[in-house]
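Enquirer: Structure below; questions to follow.
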Amino acid sequence: MGWLDGQVALVTGGGSGIGRAVLARFIAEGARVGVLERVPARAQELRSEFGDAVIAVSGDVAQLGDNKRAVAETVAGFGRLDIFVGNAGVFDNFLSLCDFPEGSLAEAYDELFAVNVKGCILGAKAVLPELVKTDGSMVFTASVAGSNSGGGGPLYTASKHAVVGLIRQLAAELGPRIRVNGVAPGGTMTDLRGLSVLRQGERSHFADPSAEERLRTNNPLQIALAPGDLAGAYVFLSSRTDARGITGTILTVDAGAALRAPRRS
Ligand code: NAD
């Protein structure tokens, strides 16, 4: 028996990285999964790999119409919706305010917040009528950058603090029927892209050959997190039985990176 037998989820950004690992694990736990993914080739690939267990919709989380289409297609195919995973995101590659080219700042803000924050809000609005019917739940991908400095530049950090605020507000607003939680990953080896307005979009920050080693040496567990290391947290928070009493919670999975180093005297 799986943790999510008979459940139906919708995952945004499910074509790569953390979203893809969540999707694969949800299916292994007995769920069927709709996906809203910007890159059409990735949506196509999911259809070939997961067959009938997936309905992959190409579209942009920053468009309400695309979110509504993903909900409609998921419900038309699978009959219901129990879980929303708001996960699609983009990065600012740690670009500091001092180094930010002044002429691109406003546009970069619009691009990043459109995906990381507006995408979560529009997704939540689009799934709400279906989650009310099933007493469902939402899990958003926050970040360690949602509770501290140093997990990104100012744009990314501000956007993830906003996601944490959204989780808390929605958890308070949508109870008692709908639970709302988040997962806060630390640095994880994915294809996470930067901003196209800054020409950071062609290559992932983690494609750098030193990235894995840097992640590994930056936490007490000495591991470079992979997307699969995060998936269980989403399964747990989505469980109707094991997480029945959990809402407004952010579960950190960062290999302990946020801990202060022991004093060496
Ligand atoms: P990823 O790039 O591997 O996966 C993100 C997926 O989202 C991609 O398939 C991408 O095409 C899709 N996407 C991007 N913009 C979209 C849009 N507008 N509409 C629809 N789909 C879109 O990166 P990832 O690291 O797996 O990122 C997933 C989430 O995890 C993001 O919210 C990110 O901020 C967060 N996160 C990542 C890390 C990390 O170190 N990788 C750490 C903390 C939080």
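Take 2 as the starting number for the sequence shown in the numbering used here and just add one per residue. Where a beta carbon is used, it is the ideal one built from N, C-alpha and C, also for glycine. Bear in mind the structure is a predicted one, so any value in this text is a computation, not a measurement.
Are D82 and L37 touching if we call contact CB-CB under 8 angstroms?
Expert: The question names Asp, but residue 82 is Leu in the sequence shown. No, these two residues do not count as a Cβ contact at 8 angstroms.
Enquirer: Is there at least one non-hydrogen atom of the ligand NAD closer than 7 angstroms to the beta-carbon of I58?
Expert: Note on identity: in this sequence residue 58 is Val, with Ile being the wrong assignment. False, no ligand heavy atom lies under 7 angstroms from that Cβ.
Enquirer: Three-state secondary structure (DSSP) at T253?
Expert: strand
Enquirer: Straight-line CA distance for G3 to E30?
Expert: G3 and E30: Cα-Cα distance of roughly 4 angstroms.
Enquirer: What is the rounded straight-line gap between the Cα of S49 and the Cα of R43?
Expert: 10 angstroms
Enquirer: Would the C-beta of R204 count as close to the ligand NAD, meaning under 7 angstroms from any of its heavy atoms?
Expert: Not one heavy atom of the ligand NAD falls within 7 angstroms of the beta-carbon of R204.
Enquirer: Shorter than 7 angstroms, the distance from the beta carbon of N182 to the closest heavy atom of the ligand NAD, or not?
Expert: no
Enquirer: Could you tell me which whole beta strand (DSSP E) segments of length 3 or greater appear in the stretch 156-184?
Expert: none
Enquirer: Please determine, among D53, G52, R70 and L156, the residue with the shortest C-alpha to C-alpha distance to S59.
Expert: R70
Enquirer: On the premise that L98 lies in contact with L199, defined as a C-beta separation below 8 angstroms, what is that separation, rounded to the nearest angstrom?
Expert: Between L98 and L199 the Cβ distance is about 14 angstroms, and since that is not below 8 angstroms, they are no contact.
Enquirer: Verify whether the separation of the beta carbon atoms of A32 and Q8 is less than 8 angstroms.
Expert: If you check the CB distance, A32 and Q8 come in under 8 angstroms.
Enquirer: For A172, which of T189, T158 and V140 has the nearest alpha-carbon?
Expert: V140
Enquirer: If you check the beta carbons only, do A232 and L238 fall under 8 angstroms apart?
Expert: no
Enquirer: If you check the beta carbons only, do A159 and N220 fall under 8 angstroms apart?
Expert: no
Enquirer: For the putative contact between L175 and L113, defined by C-beta atoms under 8 angstroms, what is the C-beta separation to the nearest angstrom?
Expert: About 26 angstroms separates the two Cβ atoms, so there is no contact after all.
Enquirer: Assign T13 to buried or exposed, taking buried as 16 or more other Cβ atoms, counted over all protein chains shown, within 10 Å of its Cβ.
Expert: buried
Enquirer: Under the three-state reduction of DSSP, which class applies to E38: helix, strand or coil?
Expert: strand
Enquirer: Taking 7 angstroms as the cut-off, is the C-beta of P263 nearer than that to any heavy atom in the ligand NAD?
Expert: At a threshold of 7 angstroms, P263 does not count as near the ligand NAD, since its beta carbon sits no closer than that to any of the ligand's heavy atoms.
Enquirer: Within the same chain, show all residues whose beta-carbon is closer than 6 angstroms to that of G87, passing over the 5 residues directly before and after it, in chain order.
Expert: Within the same chain, and ignoring the five residues on either side of G87 in sequence, the residues whose Cβ sits closer than 6 angstroms to its Cβ are T13, C121, G124 and F141.
Enquirer: So is the beta-carbon of P228 under 7 angstroms away from any non-hydrogen atom of the ligand NAD?
Expert: yes
Enquirer: Give the DSSP-derived three-state secondary structure of I84 in the structure shown.
Expert: Correct three-state label for I84: strand.
Enquirer: So, F27 versus L47, is the Cβ gap smaller than 8 angstroms?
Expert: no
Enquirer: So is R39 buried or exposed if we call it buried at 16+ other beta carbons inside 10 Å?
Expert: buried
Enquirer: Can you list, in chain order, the residues of its chain whose CB lies under 7 angstroms from that of T250, leaving out five sequence neighbours each side?
Expert: N182
Enquirer: Roughly how many angstroms lie between the CA atoms of V72 and D53, to the nearest whole one?
Expert: Their backbone Cα atoms lie some 17 angstroms apart in a straight line.
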